[in-house]
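Using this note's numbering, read the sequence shown as starting at 1297 and increasing by one per residue.
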Amino acid sequence: MKVSPYKRLEKAFKRAYLKPLTLIRYGTLKPERAKLHGSNHWIYIDAEDPCARKKVVEEPLRGKVSDNLIFWRDFNRHLKPDLIVDVGLNYGECMFGTDYEEVTVLYGFEANPRLIPHLEKSKAEHPAGLRMTITNCLVSDQAAEDIPFFVNPDWSGSSSAVREMNTRPQTLEFKLTARTIDSVVPLDEARGKTLLFKMDIEGYESKALKGFIEVLASVGRSVGFIEFDAQYIRWAGESPEEYLSWLQRRFDTYRVGNIGGKKLRKVSSFNDLPKLHGDAERVHTDLVLVGKQTPDGWLAPEWSIVG
């Protein structure tokens, strides 16, 4: 894609002024740990990973908070969940960039084995660390062994079990164990409880959610945040239309209409989902899923449902 001269200039300007800010804050241009905007908790990173430097070091210096973390903090504060499930931790920006109630039990899943040492360091320093369980596996709808997982060494955030996501010669391939969430999260910890969950696994959400059935059916209320990208879902071997229908049989489904304004829009059909760059083949949005058994009062007060 051709980048405009203005965009190139803007990017160069950001890079230039963020370097001294990074040096002042951390004493080095490549810190091995950083704090997100609005959080006092250290998040450990691979200092050579451009994705980590951008998301965990540079954007917080500009006061920027990611879309999923905006949702996560607001709904965690409102729901005071007993149970947290975060699938696709990356460096754990959501899990470690938030404070929790003293009773909250947390389960994090990350497939990329290169990130696990950093996640364990962050966990050890978080106040809720003793209540956190981090599992290195591919989250899917059934158990399996030696499933290929493709890691982008230049941008950890795009690593995926979907081969088409990473086709460059530099891509690293790992053979992973696949597990279901239901096999990791004890039902005794879910039954009748309040669940907050997130999934960001580059198209594999459709498989991961189908291995989450028992926990979701056991909780008293559940609210989740997932990415829905039709192209990624097709690459994962699923029909986006059928997957959305599956979701809507189990959840009241909303899309994030305006993250800055904290507005949700009800999704009634596939046609309600926005197209990325106006391309009908690139349906792309973030969805908020509310379990059918969830009573009224789930909506965080800062948020509203429009349209």
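Every residue, glycine too, gets a C-beta built ideally from N, C-alpha and C.
Item                                                                                                                                                           : Value
Using a Cβ-Cβ cut-off of 6 Å (strictly less than) and excluding sequence neighbours within five positions of Glu1441, which residues of its own chain qualify? : Thr1473
Could you tell me if Leu1319 is buried or exposed, where buried requires 16 or more neighbouring beta carbons within 10 angstroms of its beta carbon?          : exposed
Determine the DSSP secondary structure at His1580, reduced to helix, strand or coil.                                                                           : strand
When we look at the beta-carbon of Ser1541 and count the other beta-carbons within 10 Å, is it buried (16 or more) or exposed?                                 : exposed
Report the residue from Tyr1340, Ser1502, Gly1516 whose alpha carbon sits nearest the alpha carbon of Asp1592.                                                 : Gly1516
Helix, strand or coil: how does DSSP classify Gly1366 here?                                                                                                    : Residue identity differs from the one stated: residue 1366 is Ile in this sequence, not Gly. Helix at Ile1366.
In the structure shown, what three-state DSSP assignment does Leu1402 receive?                                                                                 : strand
Would you say the stretch 1376–1387 touches the stretch 1354–1367, given that touching needs at least three Cβ pairs under 8 Å?                                : no
Note down, in chain order, each residue of its chain lying with its Cβ closer than 6 Å to the Cβ of Val1361, except the 5 sequence neighbours on either side.  : His1333
If I'm right that Ser1436 touches Ala1486 with Cβ under 8 Å, what's the distance once you round it to whole angstroms?                                         : At roughly 19 Å, the Cβ-Cβ gap does not stay under 8 Å, so Ser1436 and Ala1486 are not in contact.
Whose C-beta lies closer than 8 Å to the C-beta of Arg1464 among residues of the same chain, with five residues either side of it excluded?                    : Asn1448
How should Ala1407 be labelled, buried or exposed, when 16 other C-beta atoms within 10 angstroms of its C-beta is the threshold for buried?                   : buried
Would Asp1582 and Phe1521 qualify as a contact pair, given that the criterion is a beta-carbon distance under 8 Å?                                             : yes
From which residue to which residue does the beta strand (DSSP E) around Lys1503 run?                                                                          : Note, Lys1503: premise wrong, no beta strand (DSSP E); alpha helix (DSSP H) at 1501–1506.
Just mark Asn1606 as buried or exposed, buried being the case when its beta carbon has 16 or more other beta carbons within 10 Å.                              : The structure shown does not extend to residue 1606, since the chain spans only 1297 to 1603, so no value can be given for it.
Give a single yes or no on whether Asn1448 has its beta carbon closer than 7 Å to a heavy atom of the ligand SAH.                                              : Annotation note on the ligand SAH: not contained in the displayed structure, which lists no ligands.
When DSSP labels each residue in this structure, what does Ala1440 get in the three-state scheme?                                                              : strand
Whole angstroms is fine: what's the gap from Asp1431's alpha carbon to Phe1446's?                                                                              : In the sequence under discussion, the amino acid at residue 1431 is Thr, which differs from the Asp named in the question. Roughly 18 Å separates the two Cα atoms.
Compute the distance between the beta-carbons of Ser1502 and Ile1529, then report whether it is under 8 Å.                                                     : yes
Using C-beta distances below 6 Å, list every residue in its chain close to Ile1600, excluding the 5 sequence neighbours before and after it, in chain order.   : One detail in the question is off: residue 1600 reads as Ser in this sequence, not Ile. So the qualifying residues of the chain are Lys1559.
Would you mind stating whether Leu1491 and Pro1409 have Cβ atoms separated by less than 8 Å?                                                                   : no
Less than 8 Å between the CB atoms is what I'm expecting for Gly1499 and Asp1525, so what's the real figure, rounded?                                          : 6 Å
Using only the alpha-carbon positions, how far apart do Ser1479 and Glu1421 sit?                                                                               : 27 Å
How far does the alpha helix (DSSP H) with Lys1417 in it reach, from first residue to last?                                                                    : 1412–1421
Find out if the Cβ-Cβ distance for the pair Ile1341, Glu1328 is shorter than 8 Å.                                                                              : yes
I need the straight-line Cα distance from Met1495 to Gly1404, nearest angstrom please.                                                                         : 10 Å
Closest by CA to Glu1537, which one among Ser1518, Val1586, Cys1347, Ser1564?                                                                                  : Ser1564
Rounded to whole angstroms, what's the CA-CA distance from Trp1368 to Glu1398? Just pull it up for me.                                                         : 17 Å
Can you tell which of Lys1326, Ala1330, Lys1588 has its C-alpha closest to the C-alpha of Ile1509?                                                             : Lys1588
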